[in-house]
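Here the structure comes first, spelled out in structure tokens, and everything after it is commentary.
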Amino acid sequence: MLTLCLFRLVDNIFPEDPEDGLVKANMEKLTFFALSAPEKLDRIAAYLSERLTRELNRHRYGYVCIAMEALEQLLLACHCQSINLLVESFLSTLRLLLEADKPHLHILATNSFVKFANIEEDTPSYHRSYDFFVSRFSEMCHSEHEDPDIQNKIRVSGIRGLQGVVRKTVDNELLVNIWEPRHMEQIVPALLVNLQKHTHTERESSPTYAHGLSPAEQTEVCFRELLGRAAYGHINNAVRPVLMHLDSHSLWEGQSFAVQCFQIIMYSIQSQHSHLVIQQLLGHLDANSRSPASVRAGIVRVLSEAAVIEATGSVGPTVLEVFNTLLRQLRQSVDYELTGYYDTAGKHRTTSTEEKTLQDAVIKTIGSFANTLPVYQRSEVMMFIMGKIPVPGIYPALGSPNAGFEGSRMIQVMLLKSLLQVSERYESNNLLTALPSSFLEPLLSFTLMEDPEIRLLVLSILTSLIDRHHNELFLYVCRLSFDVSLLELKENRSSRQDNLFMRKHAQRLYRHVYLACKEENSGQNHYQALFSLLAILSVELANEEMVVDLIRLVLALQELALSNQECLSVFNRCGVHSLCAAFLNLLSQLGPPPPLHQHVAQVIERRQKDAPHLLPADLFLVKHSTAENNTAQFTLKYFVCVSEEDRLSKRKSIGDVVSLQIDMDPQFCPDTQEVSPHTEQITFQTLKNAIGSLEEEERRRRMQVVEKFQTAPFEEIAATCGSRTSLLQSKLDQVFNSIIRSPPSPSGHSPPRSTPLYEMKFPDLCVY
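Number 852 marks the last residue of the sequence shown (my numbering); no jumps.
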């Protein structure tokens, strides 16, 4: 009798005409009965499910909708303790609707499932399974219905269904583990397909959707919620399907979608888990080391963007491994560029343009990662990169055995560019830490290499590391007009660490600047970089003692430009003169005595009239053209009263400033003596003749030596070599005598000559 009453209550909620909808009064009676007798809930749900199935088979879809509405109201009205009695019948009913071939029934079932997913349960049911719903909702996300509107509705419903599954299962580890690979491999690709397909079309048009969100927007909401709930051990399972999807659909080569995916990932996961995503990407980059350059470049671009987002987090425990992987990609790219193939079998061709695009992306990514590190780790990274640069006789070559010299050169350039990326944002108050000897010495050794690109990179690296107040922005162009007020000058005296650094390394820096100016293949950029380095040194580290050294260096550079013994081109000589003029003009405004500034201004004014090619404005900013008779008409001469050996190697004190002799032009120094009319004027033709005569004399001397060894008899050649040996022995004897000579006696009498050490005869027992 009770069962008949129950069935009658259920039947009474259905109207005669389904368009009239649920009979609310009878539904309230059914709800009251269910709450009064919760043990009958399973019978009520089973009968509702049976009635829904019967109506579904008769294609009476109006009554199907009424039955689902009744089930939903019962779910919402029942207490959490008794809800399990309803759930099994409810889920079986949803399966029937999702298996039907009517899209509107799929949407109906999805909406009901979402409402169920939002109900919080205190007592989970361990035997409940959602595998079918994961599979079916994922399938709906791939819908290809012929009607675009219906297709979008089905896809949005599928996405919302997956979101409901995640909400229902992700917080309860005793239920089905949604993070298992078999589930993630269905959920993640289903989301990415919609994110990819609708992102571009919705930029052009913005249609209105049923639930207010487009498929792409709904996908992003679901994807973010999924990733936001991921714990430490779930990150890899969530990211791996993304990598597989991008691989299978060749989406790395695009400019936006792969980056967009990982931006969503990096912003959604917990910040302390960011390094796991980075490690996944690095491993995937290694796995694709024999893929086309466009694919590798796409992965590297994603890495770069992920590193920027991860700046607030941590790169993880294996910091150097990140950079090691990126440097390994640079090395492989150089090998591929030289061979023309990106596989060992030589079947897949690559181009230099593609590989250079990859190399630029890797270098940018190295800088992005370095910016996320604290200062002390950046120092370690710079040392690590320096240790990877191939230097003959110091560090081993990184290239393949077939790469040869060109491969080593290309790797040197790539790694120095990477080092420049790290150094540009490196900030340290202690130069002894930023430029230790183990780093500075190999770096300076590159300033002596023949490759002009390498020398230019080294100068830029040095400047960026020394420039702690970002004055290089105002000093990167070699010019005469400077607004010193724009520079951020140090307010206090140089720190103790700075003074120690300059005492230890200043002369080495000056020497390499001097030698860099002697390179014949230096161009405009090199002289501008040298000017920036000298200017930053004077602004950041200059004290009284250092100013003297800098002036002495400039004077030595001017003598270098005027020397007939150096095989420098006219452009190089003019470049050195322009560098000296611009730097002295800047240095004279930073504190030395006013007479120096006045004299520099007078010299510059004279050059502007008579020799503009010796100034930066004419040499660097305008296409260079020099008249032969105006090459070195500038008669100002500087010379340092020290020996040639000590010019750049000895440390001079402030008292040595009196040793700087300045021989000024009589026009500006009326008190000085008149210049002799017989003083030789150095012109372009003079330099040309001198260089030509030296080359001709050297060539003639070599021809004579070759001819002598070809035609002269053996006795004559042996006699010549013997005479040279005798001459060398006599010189050595003189040197030894001067070394072992005793100092003079105070009484004026010379002590008896002692036996030289090399002539002493020792007993046999003393000889070992």
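Cβ atoms here follow ideal geometry from the backbone N, Cα and C, with glycine treated the same way.
The Cβ atoms of Leu549 and Tyr510 sit closer than 9 Å to each other. In the displayed model, Arg433 falls within a strand according to three-state DSSP. Check the Cα spacing between Pro520 and each of Pro376, Gln608, Ser463 and Leu125: the tightest is with Ser463. Distance from the CA atom of Ile150 to the CA atom of Lys199, rounded to whole angstroms, is 16 Å.
Secondary structure at Tyr425: strand, using DSSP grouped into helix, strand and coil.
In chain order, Gly146 and Tyr147 place their CB closer than 6 Å to the CB of Pro102, counting only its own chain and leaving out the 5 sequence neighbours on each side. For the pair Leu644 and Leu652, the CB atoms are nearer than the 9 Å cut-off.
Under the DSSP assignment, Glu153 falls in the alpha helix (DSSP H) whose first and last residues are Tyr145 to Ala161. Assigned with DSSP and collapsed to three states, Asp206 falls in coil, not helix or strand.
Asp331: member of the alpha helix (DSSP H) spanning Ile319 to Ser332, first to last residue. In this structure, DSSP gives Gln354 a state outside helix and strand, which the three-state scheme calls coil.
For Gly382, the secondary structure class from DSSP, reduced to helix, strand or coil, is helix. Between Ile538 and Pro265, the alpha-carbon positions lie close to 49 Å from each other.
The Cβ-Cβ distance between Phe407 and Phe468 falls below 9 Å. Closest in alpha carbon position to Tyr214, among Leu192, Asn236 and Phe174, is Phe174. In this structure Met498 is buried. Its beta-carbon is surrounded by 16 or more other beta-carbon atoms within 10 angstroms.
Taking the Cα positions, His229 is about 17 Å away from Thr194. Nearest neighbour of Arg380 by Cα position, chosen from Leu366, Asp817, Ala390 and Ala391, turns out to be Leu366. Here the C-alpha atom of Glu800 lies approximately 32 Å from the C-alpha atom of Asn821. In this structure Ala342 touches Val386 by the C-beta definition: roughly 5 Å separates them, less than 8 Å. Look at His589 here: in three-state DSSP terms it is helix. Following the DSSP letters along the chain, one finds Ser522 inside the alpha helix (DSSP H) bounded by residues Ser521 to Ser529.
DSSP places Thr303 inside the alpha helix (DSSP H), whose first and last residues are Pro299 to Gly312.
No residue range can be given for Gly607, since it is assigned to no alpha helix (DSSP H) and is classified by DSSP as neither H nor E. Sequence-distant Cβ neighbours of Val446 in its own chain, meaning closer than 7 Å and more than five residues away, are Val384, Leu410, Gln413 and Leu414. With respect to the 9 Å criterion, Leu155 and Ala118 are not classified as neighbours on the basis of their beta carbons.
If the five residues before and after Leu671 are omitted, its C-beta is found closer than 6 Å to the C-beta atoms of Ser622, all from its own chain and listed in chain order. Arg374 carries a coil assignment under DSSP once its states are collapsed to helix, strand and coil. If you draw a straight line from the Cα of Glu421 to the Cα of Met466, it comes to about 26 Å. The criterion of a C-beta distance shorter than 9 Å is satisfied by Leu516 and Gln581. Judged by DSSP in its simplified three-state form, His211 adopts coil rather than helix or strand.
Per DSSP, reduced to three states, the secondary structure at Ser579 is coil, with no helix or strand assignment.
Per DSSP, the continuous alpha helix (DSSP H) segment holding Gly245 begins and ends at Pro232 to Thr253. In this model, Val403 and Asn202 are separated by some 42 Å (Cα to Cα).
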